[in-house]
């Protein structure tokens with residue numbers, strides 16, 4: 012289990028740099044949009060597009076690292092729990108264990124659905140506000 016914990020720590024240690032580069036992507040994208048609207052040189056837009064692409068690539072790689080490290084950390088936590096609790100066998104056909112497995116498998120999808128629903132409702136409110144401002148201006 013020590014090796015699993017060290018592997019997870021190694022993966023997590025790269026996340027700070029990845030997040031910093033990921034945060035720079037939208038900034039360079041907005042800068043490119045401003046440069047295009049201001050009628051600046053096409054070279055500037057090419058440079059900001061390259062920086063934005065680097066940010067997007069780093070974000071995708073960082074998400075893979077985050078998922079992998081989360082899986083390793085959950086494995087380490089489960090191993091620590093099993094060794095500390097002294098559990099030798101787990102009968103999956105026991106109703107409590109089976110219900111726990113079903114609920115545990117359902118929770119990520121449930122939280123994802125709640126998150127997507129809240130993002131959708133916030134986006135709808137923003138669109139309504141933009142329409143309201145267009146009508147009043």
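Residue numbers (my numbering): 12 to 148.
Note that beta-carbon positions come from the ideal geometry of N, C-alpha and C, so glycine has one too.
Under the 10 Å beta carbon count, residue 22 is surrounded by 16 or more other beta carbons and is classified as buried.
Under a 10 Å Cβ-count criterion, residue 83 is classified as buried, with 16 or more other Cβ atoms of the shown protein chains found around its own Cβ. In summary, residue 68 is exposed, with fewer than 16 beta-carbon neighbours lying within 10 Å of its beta-carbon over all protein chains present. Between residue 73 and residue 29, the beta carbon gap of about 3 angstroms places them in contact (Cβ cut-off 8 angstroms).
Non-local beta-carbon contacts of residue 42 in its own chain, meaning distances under 8 angstroms to residues more than five positions away in sequence, involve 59 in chain order. Nearest Cα to residue 70 within the set 27, 81 and 122: 27. For residue 24, the three-state secondary structure derived from DSSP is coil. When the beta-carbon positions are compared, residue 33 and residue 63 stay at least 8 angstroms from each other. Rounded to the nearest whole angstrom, the C-alpha separation of residue 18 and residue 116 is 25 angstroms.
Residue 75 is positioned such that its CB atom lies no closer than 8 angstroms to that of residue 36. Linking residue 91 to residue 25 through their CA atoms gives a straight-line distance of about 24 angstroms.
For residue 108 against residue 101, the beta-carbon gap comes to about 6 angstroms, under 8 angstroms, which counts as contact. Out of 86, 120, 140 and 57, the CA that lies nearest to the CA of residue 15 is found in 86. A Cβ-Cβ distance of about 11 angstroms is found for the pair residue 56 and residue 49, leaving them out of contact under the 8 angstroms criterion.
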